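First to last, the sequence lines map onto chains A and B.
Whatever position you read off the first sequence (first residue = 1), add 2 for this note's numbering.
Whatever position you read off the second sequence (first residue = 1), add 97 for this note's numbering.
Note that the Cβ used here is the ideal one computed from N, Cα and C, for glycine as well.
Keep in mind the model is a prediction, meaning the values are calculated, not measured.
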Amino acid sequence: MNNIEGNDFLLRVDNVTVKYGNIPALRGVSLYIDRGEMISVIGANGAGKTTLLKTISGLLKPVQGNIRFGSLNIENLRPDRVVKKGIVMVPEGRKIFPDLTVKENLELGAYTIKDRTIKKELFELVLSTFPRLKERLKQHGGTLSGGEQQMLAMGRALMGNPKLLLLDEPSMGLSPIFTREIFSLIELVRKEKNISIIIVEQNAHMALEHSQRTYILENGEIIMEGFSSDLKHNQRVIEAYLGV
Amino acid sequence: MEHIIYILQQVVNGLQLGAVYALIALGYTMVYGVLRLINFAHGDVFMLGAFVAYFLISKFSMPIYLVFILTMFSCALVGYLIEKIAYKPLRDAPKISLLITAVGVSLFLEYFLSLNAIFTPNYIAFPRPFDVKAYDFTFLSITNVQVIIFIITFISLFILYLLIYKTKYGIAMRAVSHDKETASLMGVGIDGIISFTFIVGASLAGVGGILYGIAYPQINVFMGIMPGIKSFIAAVLGGIGVIHGAVAGGLIIGICEVFVSAFLSSTFRDGVIFIILFAVLLFRPRGLFGKRIEKV
Numbered sequence: 003m004n005n006i007e008g009n010d011f012l013l014r015v016d017n018v019t020v021k022y023g024n025i026p027a028l029r030g031v032s033l034y035i036d037r038g039e040m041i042s043v044i045g046a047n048g049a050g051k052t053t054l055l056k057t058i059s060g061l062l063k064p065v066q067g068n069i070r071f072g073s074l075n076i077e078n079l080r081p082d083r084v085v086k087k088g089i090v091m092v093p094e095g096r097k098i099f100p101d102l103t104v105k106e107n108l109e110l111g112a113y114t115i116k117d118r119t120i121k122k123e124l125f126e127l128v129l130s131t132f133p134r135l136k137e138r139l140k141q142h143g144g145t146l147s148g149g150e151q152q153m154l155a156m157g158r159a160l161m162g163n164p165k166l167l168l169l170d171e172p173s174m175g176l177s178p179i180f181t182r183e184i185f186s187l188i189e190l191v192r193k194e195k196n197i198s199i200i201i202v203e204q205n206a207h208m209a210l211e212h213s214q215r216t217y218i219l220e221n222g223e224i225i226m227e228g229f230s231s232d233l234k235h236n237q238r239v240i241e242a243y244l245g246v
Numbered sequence: 098m099e100h101i102i103y104i105l106q107q108v109v110n111g112l113q114l115g116a117v118y119a120l121i122a123l124g125y126t127m128v129y130g131v132l133r134l135i136n137f138a139h140g141d142v143f144m145l146g147a148f149v150a151y152f153l154i155s156k157f158s159m160p161i162y163l164v165f166i167l168t169m170f171s172c173a174l175v176g177y178l179i180e181k182i183a184y185k186p187l188r189d190a191p192k193i194s195l196l197i198t199a200v201g202v203s204l205f206l207e208y209f210l211s212l213n214a215i216f217t218p219n220y221i222a223f224p225r226p227f228d229v230k231a232y233d234f235t236f237l238s239i240t241n242v243q244v245i246i247f248i249i250t251f252i253s254l255f256i257l258y259l260l261i262y263k264t265k266y267g268i269a270m271r272a273v274s275h276d277k278e279t280a281s282l283m284g285v286g287i288d289g290i291i292s293f294t295f296i297v298g299a300s301l302a303g304v305g306g307i308l309y310g311i312a313y314p315q316i317n318v319f320m321g322i323m324p325g326i327k328s329f330i331a332a333v334l335g336g337i338g339v340i341h342g343a344v345a346g347g348l349i350i351g352i353c354e355v356f357v358s359a360f361l362s363s364t365f366r367d368g369v370i371f372i373i374l375f376a377v378l379l380f381r382p383r384g385l386f387g388k389r390i391e392k393v
């Protein structure tokens with residue numbers, strides 16, 4: 003390992019338990035991500051993947067454990083404050099605002115950015131990364147195709163100038179071609195902007211292919227973790243998540 | 098020909114009343130958008146606007162533009178405080194608790210302010226800041242009161258349009274109306290946007306209160322009840338939560354009310370408005386411009 007835990011981490015989730023009522027959705031989950039790294043969390047439906055991202059982004063509060071972002075404890079921050087600290091989530095199903103135009107959706111993404119020049123730079127960056135959006139700026143978000151909506155959702159998140167991007171099932175509902183396109187865009191964003199990315203996926207293939215490390219979540223617990231290149235060849239992972 | 102002129106004249110009179118309803122209806126519909134709450138105290142903010150204007154004009158003889166500014170400011174403050182004190186603690190409570198609280202706030206404002214030491218329950222003559230003049234055109238007669246109501250309403254709506262469609266707070270407000278959770282993931286502070294919505298809605302109600310006082314110069318602490326309910330119906334007619342729907346609904350309700358008074362009998366004018374409500378709820382619950390039916 004090129005990294006001793008806690009050495010240069012950007013975010014560290016430490017022994018976090020989250021409950022819906024009395025039912026635990028996450029049980030003592032710990033993970034970390036370094037600067038510029040892309041990690042993935044894979045697991046079946048209901049394993050707690052979305053819960054994990056929602057907890058990091060402040061939508062859910064853990065009953066136990068803490069989340070450190072740099073030198074800050076963020077587990078009790080409101081979601082809008084978490085965004086201000088530099089963690090932006092692209093929610094499952096993209097959650098584009100259908101009645102807002104593409105431009106307004108993007109502007110909303112930059113809600114926390116006060117500086118006009120930075121905002122303009124981000125806007126240019128997003129349009130050059132996702133040129134398809136440029137042609138559609140005046141269109142309502144609801145009129146875009148699924149793949150375009152995913153691009154808009156990612157563009158909107160980038161408008162917040164994140165240090166850490168949380169992607170919840172970016173391939174959901176997309177054709178294999180679009181899925182590949184989205185993943186190569188994710189790679190591009192990570193490399194060019196040096197943004198760290200946590201990606202949660204049911205599509206274990208793509209997740210293992212593009213991330214450096216992977217955590218496997220089952221019933222709210224992390225049952226396995228390691229370099230994605232190793233896990234790809236692990237017999238258990240192949241059987242359970244990659245199919246035959 | 099005479100009939101047509103008479104009808105046109107009634108349309109103008111209806112628009113005068115409808116403009117005020119539209120200003121009030123906007124507050125109902127915007128607050129519904131962000132909180133899914135019918136803010137029953139909204140009609141009382143409108144009443145308060147009329148009273149604040151009354152005091153500013155009669156006790157301080159302020160110029161009319163200052164009356165507008167200070168009245169809007171006062172109403173905005175009251176709207177903000179109502180939300181902070183009465184509604185915010187119930188953010189996670191069942192919707193019905195919020196609704197009952199809204200009724201409570203409304204009754205509190207009406208009966209507290211009707212104390213003899215405060216506004217008293219009596220009718221007070223609203224001092225018009227100018228004399229009424231009628232301009233007779235070949236077909237129509239339009240009063241300066243109507244002209245002022247149309248101009249002020251138009252300016253208010255234009256500013257509201259800029260606020261909602263051209264500022265980031267307006268965009269955030271529309272986003273919060275659609276999906277609070279996702280809006281918060283964009284860094285939008287939900288509580289701040291809810292306060293913003295109450296402030297904007299209450300300011301518009303304040304403008305409505307002044308205009309109403311100028312048009313129908315008898316004010317009283319209970320004056321907000323009927324216009325409040327009718328504006329609420331206007332918001333439902335236009336599609337609750339839809340901003341332009343509230344304006345259209347307000348104008349339609351105003352014209353209907355004046356038409357019923359002119360062609361039927363003024364005894365029926367309130368009844369007909371409620372029949373419109375029943376009809377909308379039965380046949381088109383999403384209203385004229387509503388997109389889909391909200392589950393309540």
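Should residue 175(A) be labelled buried (16 or more other beta-carbon atoms within 10 Å of its own) or exposed?
Classification of residue 175(A): exposed, given that the 10 Å Cβ count is below 16.
Given a cut-off of 9 Å on the beta-carbon distance, is the pair residue 167(A) and residue 90(A) in contact?
For residue 167(A) and residue 90(A), yes; Cβs fall inside 9 Å.
What does DSSP give as the partner residues of residue 159(B) in its beta bridges?
According to DSSP, residue 159(B) bridges with nothing at all.
For the region 119-135 of chain A, which residues have a beta carbon sitting closer than 8 Å to at least one beta carbon of chain C?
Looking for chain C here will not work: the only protein chains present are A and B.
Using only alpha-carbon positions, find the residue among 103(B), 108(B) and 139(B) that is nearest to residue 243(B).
The shortest Cα separation from residue 243(B) among 103(B), 108(B) and 139(B) belongs to 108(B).
Going by DSSP, what residue range makes up the beta strand (DSSP E) through residue 29(A)?
Residue 29(A) -> beta strand (DSSP E) spans 25-36.
Evaluate residue 110(B) with the Cβ neighbour count: other Cβ atoms within 10 Å of its Cβ, from every protein chain shown; 16 or more gives buried, anything less gives exposed.
Buried, since its Cβ has 16 or more Cβ neighbours within 10 Å.
Buried or exposed for residue 237(A), going by 16 or more other Cβ atoms inside 10 Å?
Exposed is the call here.
Quick one: which residues of the region 162-191 of chain A get their C-beta closer than 7 Å to a C-beta of chain B? List them in chain order.
Result list: 162.
By the three-class DSSP mapping on this structure, what secondary structure does residue 7(A) have?
Here the model assigns residue 7(A) a pLDDT of 49, short of 50, so the residue's position is not dependable, and the following value carries that caveat. Residue state, collapsed to three classes: coil.
Secondary structure at residue 228(A), three-state DSSP: helix, strand or coil?
DSSP places residue 228(A) in strand when its eight states are reduced to three.
Just to make sure I have the definition right: I need the residues of chain B whose C-beta is within less than 7 Å of the C-beta of residue 81(A). Which are they?
Result: 281 and 282.
Could you give the distance in angstroms between the alpha-carbon of residue 234(B) and the alpha-carbon of residue 106(B)?
For residue 234(B) and residue 106(B), the distance between alpha carbons rounds to 11 Å.
If you follow the alpha helix (DSSP H) that residue 110(B) is in, where does it begin and where does it stop?
Where residue 110(B) is concerned, the enclosing alpha helix (DSSP H) stretches over 99-132.
List the whole-angstrom C-beta distance separating residue 157(A) from residue 135(A), where the pair is believed to meet the contact cut-off of C-beta under 8 Å.
About 6 Å; that satisfies the 8 Å criterion.
Tell me, please, whether the CB atom of residue 306(B) is closer than 9 Å to any CB atom in chain A?
False, the Cβ-Cβ gap to chain A never drops below 9 Å.
Which of the three DSSP states is assigned to residue 114(A) in this structure?
Here residue 114(A) sits in coil by DSSP.
Rounding to the nearest angstrom, what Cα-Cα distance links residue 285(B) and residue 82(A) in this structure?
C-alpha separation (whole angstroms): 6 Å.
Grab me the residues of residue 225(A)'s own chain with a C-beta within less than 7 Å of its C-beta, minus the 5 sequence neighbours each way, in chain order.
These residues qualify, in order along the chain: 218.
Within 8 Å, do at least three Cβ pairs link the region 122-141 of chain B to the region 329-337 of chain B?
Judged by Cβ distances under 8 Å, the region 329-337 of chain B makes contact with the region 122-141 of chain B, as three or more pairs qualify.
Quick check on the DSSP output: what are the complete beta strand (DSSP E) runs of length 3 or more inside the region 68-103 of chain A, in order along the chain?
Counting only runs of 3 or more, we get 89-92.
Would residue 111(A) count as contacting chain B if we go by Cβ distances under 9 Å?
It does; some Cβ of chain B falls within 9 Å.
Taking a Cβ distance cut-off of 8 Å, strictly less, list which residues of the region 331-350 of chain B are near chain A, in chain order.
Here the close residues number zero.
Quick one: does residue 383(B) have its CB under 9 Å from some CB of chain A?
False, the Cβ-Cβ gap to chain A never drops below 9 Å.
Residues of chain B with a CB under 7 Å from the CB of residue 106(A): which are they?
Per Cβ cutoff of 7 Å: 268.
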